[in-house]
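What follows is one structure encoded as C-alpha cells, with my remarks underneath.
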Amino acid sequence: MDSGMNENRQHATLDSLIDNQLSESTRICYNSKLNQVVEWVKGQSRYELLKDDGSLDLNNFQYSDFMDFAVWKYKHSKCRVDTISGYRSAMRYYFEREGVEVPQALAKKHWVLERFRDLL
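The C-terminal residue of the sequence shown carries number 120 in the numbering used here, and the numbering is unbroken.
Here's what the structure looks like:
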C-alpha cells in the first residue's frame, strides 16, 4: 500500500470522514443553507441559538426551531417544498459533523410529507 495513503489514513478524523462523504459542490450548498439558517436566527433575534463564534448551537437549536425556519423560508421565498428538504439534509449533515445526535424527525427522509404540510 502507498505510504502516502497510510499517512492520510493516520491523520483522518471523524470530521474529515464525514466531509469526504460529500462532493465539494454539495458541501458548498449545505454551508450556504446553514448560513441562511444562521441569518434567519439573527433576524428573529434568537441569539440564544448561536454559539459565541456565530454558528448554530445545536444544544439549543431544536427541531421546532428548524420547522419555524422552514415554514418562514417557504412563505417568504419562492422555494419549493423539495428545496426545504435540502435544508433538512444540510441540518442533518451539520448535526453529524458536530457530533450531536440528529433529532429523529430530521433523520427521516420523508419528513416533509409527514410534518411540513401540516404547518402551512
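Backbone N, C-alpha and C define an ideal beta-carbon position, used for all residues, glycine too. Please read all numbers here as calculations on a predicted model, not as lab measurements.
If we ignore side chains and look at the alpha-carbon of each, how far apart do Tyr93 and Tyr30 end up?
Numbered from its first residue, the sequence shown carries residue 93 at position 93. Numbered from its first residue, the sequence shown carries residue 30 at position 30. Taking the straight line joining both Cα atoms gives about 8 angstroms.
Where the alpha helix (DSSP H) through Phe66 begins and ends:
Sequence index remark: in the sequence shown, residue 66 carries index 66 (1-based). Residues Tyr63 to His76.
Once you ignore the five residues that flank Glu48 on each side, which residues in its own chain have a CB closer than 7 angstroms to its CB?
What you label residue 48 is simply residue 48 of the sequence shown in a count that begins at 1. Only Asn60 meet the Cβ criterion.
In whole angstroms, what separates the C-alpha of Glu101 from that of Thr26?
Position 101 of the sequence shown holds residue 101. Position 26 of the sequence shown holds residue 26. In this model, Glu101 and Thr26 are separated by some 21 angstroms (Cα to Cα).
Under the three-state reduction of DSSP, which class applies to Leu106: helix, strand or coil?
Working through the sequence shown from its first residue, we reach residue 106 at position 106. Helix, per DSSP.
Run through the DSSP bridge pairs and tell me what Leu56 is partnered with.
Taking the sequence shown and counting its residues from 1, the one referred to as residue 56 is at position 56. Note: Leu56 sits in a beta bridge opposite Leu50.
Within 10 Å of its beta-carbon, does Ala107 have 16 or more other beta-carbons around it, so buried, or fewer, so exposed?
The sequence position of residue 107 within the sequence shown is 107, counting from 1. Classification of Ala107: exposed, given that the 10 Å Cβ count is below 16.
Rounded to the nearest angstrom, what separates Ser45 and Glu39 at their Cα positions?
Mapped onto the sequence shown, residue 45 falls at position 45. Mapped onto the sequence shown, residue 39 falls at position 39. C-alpha separation (whole angstroms): 10 angstroms.
Kindly give me the distance between the Cβ atoms of Glu98 and Leu58, rounded to whole angstroms, as I take these residues to be in contact under 8 angstroms.
In the sequence shown, the residue the question calls residue 98 occupies position 98. In the sequence shown, the residue the question calls residue 58 occupies position 58. Confirmed, Cβ separation roughly 6 angstroms.
Within its chain, find whatever has a CB closer than 8 angstroms to the CB of Leu22; leave out the 5 residues flanking it on each side and keep chain order.
Translated into the one-based positions of the sequence shown, residue 22 becomes position 22. Excluding sequence neighbours, Leu22 sits near Tyr30 and Tyr93.
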